[in-house]
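I have placed the structure first, in the form of structure tokens, so that the comments after it can refer back to it.
There are 2 protein chains.
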Amino acid sequence: MASSTSSEALRRGEGRQRIVDAATELFITRGYAGTTTRDIAMKAGLRQPSLYTHFSVKADILVAVMMQTVRPSVDLAAELTADTGLGGVERLVRLVEFDVRMLCGGPWNIALLGYLPEVRTEEVLGNRNLYQDLRAAYRALVAGALAESGRTDVERTTDVVMTLVEGVVLRRVQNPDLDPEELAPAIARAARAIVS
Amino acid sequence: MASSTSSEALRRGEGRQRIVDAATELFITRGYAGTTTRDIAMKAGLRQPSLYTHFSVKADILVAVMMQTVRPSVDLAAELTADTGLGGVERLVRLVEFDVRMLCGGPWNIALLGYLPEVRTEEVLGNRNLYQDLRAAYRALVAGALAESGRTDVERTTDVVMTLVEGVVLRRVQNPDLDPEELAPAIARAARAIVS
DNA sequence: GTCTATATAATGATAGAC
DNA sequence: GTCTATCATTATATAGAC
Chain L
4 MASSTSSEAL
14 RRGEGRQRIV
24 DAATELFITR
34 GYAGTTTRDI
44 AMKAGLRQPS
54 LYTHFSVKAD
64 ILVAVMMQTV
74 RPSVDLAAEL
84 TADTGLGGVE
94 RLVRLVEFDV
104 RMLCGGPWNI
114 ALLGYLPEVR
124 TEEVLGNRNL
134 YQDLRAAYRA
144 LVAGALAESG
154 RTDVERTTDV
164 VMTLVEGVVL
174 RRVQNPDLDP
184 EELAPAIARA
194 ARAIVS
Chain W
4 MASSTSSEAL
14 RRGEGRQRIV
24 DAATELFITR
34 GYAGTTTRDI
44 AMKAGLRQPS
54 LYTHFSVKAD
64 ILVAVMMQTV
74 RPSVDLAAEL
84 TADTGLGGVE
94 RLVRLVEFDV
104 RMLCGGPWNI
114 ALLGYLPEVR
124 TEEVLGNRNL
134 YQDLRAAYRA
144 LVAGALAESG
154 RTDVERTTDV
164 VMTLVEGVVL
174 RRVQNPDLDP
184 EELAPAIARA
194 ARAIVS
């Protein structure tokens with residue numbers, strides 16, 4: 004944001020990204036409080052004080068890590084809500100399948116971070132909005148799906164569907180080898196059964 | 004276990020239980036690494052070194068806290084598996100409903116502890132068996148339920164059902180006011196739809 | 001931007017009086 | 001069993017040379 008150097012050291016913000024990548028793995032495998040700034044620096048190939056060239060406090064690294072998540076599905080949800088070319092159930096199922104693939108894929112179970120107690124108490128309050136946005140999006144799509152079968156228990160069904168999708172995060176904790184290509188359609192099928 | 008004092012100070016192991024209760028709340032709200040032994044002692048009404056009368060290391064307190072969980076549902080699962088007076092679907096649904104009520108009720112979201120990264124790396128390996136036992140129990144009940152409709156995708160369906168149930172833990176993180184009496188039947192209904 | 005060196009504070013755990 | 005006092009470690013963060 005404030006970098007004005009012409010080239011060299013900052014091509015692609017390499018240093019900062021290396022720190023974020025290292026921190027992502029460590030936060031997921033050891034938790035936030037359980038990860039030291041020395042751990043992060045070492046994995047990023049730096050000495051501990053060098054982190055503070057890029058981040059002013061440890062929590063800022065966490066924020067940067069969490070930025071990588073949630074956004075895409077909120078965006079897709081908004082997109083689907085506006086899409087009138089699909090049936091209600093189909094729109095919901097598309098979001099579910101997309102989310103499961105995202106939660107299940109990728110090298111690290113990043114979504115878990117948003118549920119860690121230590122993280123939820125910190126100054127990372129800015130993205131709680133994101134979760135509320137996501138629930139609102141799910142609620143709208145569930146409402147559209149239930150309308151097709153004349154059901155009206157929108158709130159409760161939204162909770163059930165979100166429970167199913169969020170559950171993927173914990174299932175992945177227990178079984179790190181989940182196959183997205185297999186689980187995503189299966190969860191989507193379950194979602195279809197729930198709203199029918 | 005080794006206490007031989009006749010009475011007074013040890014009625015109901017009061018001191019130890021106060022520590023466990025205090026630690027339960029703190030571990031859930033701040034995480035394990037994010038909770039200091041001073042925090043625990045203060046909430047239990049003690050000074051920090053007094054913890055070491057009851058526990059020899061901090062991790063032992065965590066173990067004591069985690070003992071409070073999981074057991075009941077493994078026991079019920081075994082019981083249901085042996086119960087021939089119920090249909091396959093019905094047995095599974097009973098376990099699901101019981102688990103949701105347990106995960107959803109109680110003052111603290113204790114089950115989340117078992118998924119914290121910091122906890123899963125520690126010397127708390129003894130109860131990973133418990134989780135494997137639980138999956139085996141679910142698998143057996145899912146198999147019995149699917150048999151009624153001629154389906155054979157047992158492994159995948161077990162994952163889906165467990166995803167749904169485990170999801171309650173994270174849903175509760177987002178919404179601490181979940182009503183077990185409302186959610187449990189709804190999740191049970193979803194489970195029925197999934198295996199039908 | 002990264003380094004070495006270091007300040008400062010907090011942590012888990014122990015010793016020994018009562 | 002709980003206390004006060006304290007140790008040894010480790011943590012985040014800063015200062016200043018290169």
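Chains as they are written, first to last, in our numbering: chain L, 4 to 199; chain W, 4 to 199.
Every residue, glycine too, gets a C-beta built ideally from N, C-alpha and C.
Cβ-based burial, residue i [other Cβ within 10 Å; buried from 16]
i, result
"L:Gln177", "buried"
"W:Met165", "buried"
"L:Thr72", "buried"
"W:Leu116", "buried"
"L:Pro179", "exposed"
"L:Thr27", "buried"
"W:Ser152", "exposed"
"L:Met70", "exposed"
"W:Gly108", "exposed"
"W:Ala74", "According to the sequence displayed, residue 74 of chain W carries Arg and not Ala. Label assigned to W:Arg74: exposed."
"W:Leu89", "exposed"
"W:Glu169", "buried"
"L:Gly48", "exposed"
"W:Arg50", "exposed"
"W:Ala191", "buried"
"W:Ala187", "buried"
"W:Ala25", "buried"
Delimiting residues of the alpha helix (DSSP H) encompassing residue i
i, result
"L:Pro105", "The sequence as given places Met at residue 105 of chain L; Pro does not occur at that position. Taken as a continuous stretch (DSSP letters only), the alpha helix (DSSP H) holding L:Met105 covers Gly91 to Cys107."
"W:Arg33", "Glu17 to Arg33"
"W:Thr160", "Val157 to Gln177"
"L:Ile113", "It is not in any alpha helix (DSSP H) - L:Ile113 carries neither H nor E in the DSSP assignment."
"W:Ala191", "Pro183 to Val198"
"L:Arg123", "Pro120 to Thr124"
Alpha-carbon spacing of residue i relative to residue j, whole angstroms
i, j, result
"W:Ala2", "L:Leu65", "The requested residue 2 of chain W does not occur in the structure, where chain W is confined to residues 4 to 199."
"L:Thr124", "W:Val99", "31 Å"
"L:Thr161", "L:Tyr141", "7 Å"
"W:Leu79", "L:Asp182", "30 Å"
"L:Ser53", "L:Ala44", "8 Å"
"W:Glu185", "W:Leu167", "15 Å"
"L:Glu121", "W:Gly37", "6 Å"
"L:Thr56", "L:Val23", "13 Å"
"L:Arg94", "L:Phe101", "11 Å"
"L:Ser199", "L:Val60", "49 Å"
"L:Ala143", "L:Leu149", "10 Å"
"L:Thr41", "L:Thr32", "It should be pointed out that residue 41 of chain L corresponds to Arg in this sequence rather than to Thr. Cα to Cα, the separation comes out at about 15 Å."
"W:Arg159", "W:Ile113", "27 Å"
"W:Gln20", "L:Asp136", "41 Å"
"W:Arg219", "L:Gly18", "With chain W covering 4 to 199 only, the question about residue 219 of chain W has no answer from this structure."
"L:Asp156", "W:Ala189", "10 Å"
"W:Ser76", "W:Lys46", "30 Å"
"W:Ala62", "L:Leu29", "20 Å"
"W:Arg138", "W:Arg174", "20 Å"
"L:Val171", "W:Tyr35", "23 Å"
"W:Val92", "L:Ile197", "16 Å"
"L:Ala85", "W:Phe58", "58 Å"
"W:Pro110", "L:Thr87", "43 Å"
"L:Leu119", "W:Ala81", "31 Å"
"W:Ala5", "L:Thr39", "Confidence in W:Ala5 is poor, its pLDDT being 41 and thus under 50, which makes the residue's placement too unreliable to answer from."
"L:Leu83", "W:Leu83", "42 Å"
"W:Ala146", "W:Arg154", "9 Å"
Within the segment 45-92 of chain W, ranges of the alpha helix (DSSP H) (whole runs, at least 4 residues): Fully contained in the segment 45-92 of chain W are the following alpha helix (DSSP H) runs of length 4 or more, in chain order: 61-69 and 74-85.
If you measure beta-carbon to beta-carbon, which residues of the segment 168-191 of chain W are closer than 8 Å to chain L? Val168, Glu169, Gly170, Val171, Val172, Leu173, Arg174, Val176, Gln177, Asn178, Leu181, Glu185, Leu186, Ala189 and Ile190
Name, going along the chain, the residues of the segment 133-156 of chain L whose beta-carbon falls closer than 7 Å to a beta-carbon of chain W. Going along the segment 133-156 of chain L in chain order, one finds Tyr134 with a Cβ nearer than 7 Å to chain W.
What are the residues in the segment 77-89 of chain L lying within 9 Å of chain W by C-beta distance? none
According to a CB-to-CB cut-off of less than 8 Å, which residues of the segment 31-50 of chain L neighbour chain W? Ile31, Thr32, Arg33, Gly34, Tyr35, Ala36 and Gly37
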